[in-house]
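Enquirer: Below is a structure I'd like to ask you about.
Written out as structure tokens, the structure reads:
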């Protein structure tokens, strides 16, 4: 086994400090965004045949939900006092980030028979 020659104590400390600072800098630059990316998810609800699919969706706080309108006419995603997509055109989509925990029933205000539930943990 090959051994490195001994280094003066001051040089060893500077090297160790450089390694520690480099590691800390890496955590500051990439760590928080990588951690946030792991904790959040993206979910899709398809609007088709005048229905929300899935009708009930469970997500975690901070997750993004995207409603995609595959019908040939507009729809809304409206939970009064919580969120309102307004009109989502045919072929369009709307996204919502779930900041508040709870169970939120929603409807299409243009077609009130269309109902769904967003459950946020």
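Numbering (full-length UniProt numbering), first residue to last: 1 to 121.
All residues carry an ideal CB built from backbone N, CA and C; glycine is no exception.
Please report the straight-line C-alpha distance between residue 101 and residue 72, rounded to a whole angstrom.
Expert: 33 Å
Enquirer: Candidates 74, 59, 106 and 64: which alpha carbon is nearest residue 81's?
Expert: Of the residues 74, 59, 106 and 64, the one whose Cα lies closest to the Cα of residue 81 is 106.
Enquirer: Could you check what DSSP says for residue 100 in three-state terms: helix, strand or coil?
Expert: coil
Enquirer: What does DSSP give as the partner residues of residue 68 in its beta bridges?
Expert: 46 and 93
Enquirer: Sorted by chain position, which residues of the same chain lie with C-beta nearer than 7 Å to residue 90's C-beta, five sequence neighbours on each side aside?
Expert: 69, 71, 72, 73 and 74
Enquirer: Between residue 99 and residue 62, what straight-line distance do the alpha-carbon atoms span, to the nearest angstrom?
Expert: Answer to the nearest angstrom: the Cα atoms are 5 Å apart.
Enquirer: From this set, 111, 65 and 103, which residue's C-alpha is nearest residue 121's C-alpha?
Expert: Of the candidates 111, 65 and 103, the residue whose Cα lies closest to the Cα of residue 121 is 103.
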